[in-house]
Amino acid sequence: MRAEMAALRAAQESMAKDLEAVKQLLQQAMGPRPAPAGAAAAPGMPSAGVSALRVAGRPMKGSPRARLTFIEYSDYECPFCAQYFAQVYPQINRDYVQTNKIRYVFKNYPIEQIHSRAFRAHVAAACAGDQSRFWEMHDKLFADQKGLSNDRYVEHARELGLDAAKFRTCLDSAAHEPMIREDIDEAVRGGVRGTPVFVLAIADPKADTVTPSRVIVGAQPYEAFKEAIDSLLAQANAQPPVR
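Numbering (my numbering), first residue to last: 3 to 245.
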């Protein structure tokens, strides 16, 4: 019991530090360009703030032909993102991804101002994606959030059966940095002020970009996601099929 209480206090202290850093960042970000922050309660992406979100070339699971696209903007060092991963993502994956009802897309939003290890973690996931193991690395990074380091990334790569030499070469290169920066810039332009943020879009599955239909901010309960997904699925299914 004492160990559990100590772990709980440590987690609370970590979140408190993140929230204080977020407050300071938001106070500095009163200009026209919103700066990233990390609180689940921060404002999300207003649909009027961005006309199209790029999904081509980003990690995707579920059905590539699904009319409903579900985009997650996330940060591997964000405690709220880890909370979503542990408590909500498994149910969404089971009910909507594995049943091919949605197209699930991951987008990078490492908040470097408060999460110094996040960007490298996103690079590690992208490098694993080069060997068709993005989602497996994604899961390991969130499950081992306190252990984000180059040595651990290579260890994860070996556990996943990747070519460790190729993975390390990729990790040490800047090959994926432009793509990650593009995701960050897109999120900032759209008004995303924290992670996680989720964008749902009824869209042509053949299109390279989607227009937001609904936004969910923060690690909300599963019921909030279910209501939004089911509502938009009903709308999407009522439309003529895409040929």
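Heads up, the beta-carbon is just placed ideally off N, CA and C, and yes, glycines get one too.
Nearest-angstrom Cβ-Cβ length linking residue i and residue j, presumed shorter than 8 Å
i	j	result
Ile-218	Ala-226	6 Å
Leu-1	Arg-135	Nothing about residue 1 can be reported from this structure: the residues present for the chain run from 3 to 245 only.
Pro-214	Leu-55	7 Å
Residue nearest to residue i in terms of C-alpha spacing, selected from the options
i	options	result
Ile-182	Lys-168, Arg-105, Ile-113, Asn-95	Ile-113
Ser-150	Ala-84, Met-62, Leu-235, Ala-189	Checking the sequence shown, residue 150 turns out to be Leu, not Ser. The residue with the shortest Cα to Cα distance from Leu-150 is Ala-84.
His-140	Glu-179, Ser-76, Asp-185, Arg-216	Ser-76
Val-125	Thr-101, Glu-79, Leu-234, Ile-104	Glu-79
Val-199	Ser-53, Phe-72, Thr-211, His-158	Phe-72
Ile-94	Ser-215, Gln-241, Thr-213, Ala-230	Ala-230
Tyr-111	Arg-119, Ile-104, Arg-105	Arg-119
Gly-220	Gln-89, Arg-67, Lys-63	Gln-89
Phe-82	Ala-159, Ala-127, Phe-144, Ala-189	Phe-144
Ala-209	Pro-61, Arg-69, Phe-169, Gly-64	Arg-69
Arg-216	Pro-180, Pro-207, Leu-202	Leu-202
Which of helix, strand or coil DSSP assigns to residue i
i	result
Glu-74	strand
Ala-240	coil
Ala-230	helix
Ala-54	coil
Ala-88	helix
Arg-195	coil
Pro-36	Summary for Pro-36: the model assigns pLDDT 36, below 50, so the residue's position carries little reliability, and this model does not support an answer.
Leu-10	The pLDDT assigned to Leu-10 is 48, lower than 50, so where the model puts this residue is not dependable; a value taken from the coordinates is nonetheless given after this. Helix at Leu-10.
Ala-209	coil
Ala-68	coil
Arg-60	coil
Local Cβ density within 10 Å of residue i, reported as buried at 16 or more and exposed below that
i	result
Ala-39	Because the pLDDT at Ala-39 is just 35, under 50, the model does not fix this residue reliably, and the point stays unresolved.
Ala-42	In this prediction, Ala-42 has a pLDDT of 36, which is less than 50 and means its spatial position is unreliable; what the coordinates show is noted afterwards. Ala-42 is buried by the Cβ-count criterion.
Ala-166	exposed
Asp-187	exposed
Arg-195	buried
Ala-238	buried
Gln-100	exposed
Ile-236	With the sequence shown as reference, residue 236 is identified as Ala, and Ile is not the correct amino acid for it. It counts as exposed.
Arg-105	buried
Threshold first: 3 residues or longer. Then list the beta strand (DSSP E) segments lying entirely within the segment 105 to 187, N to C. 105 to 110
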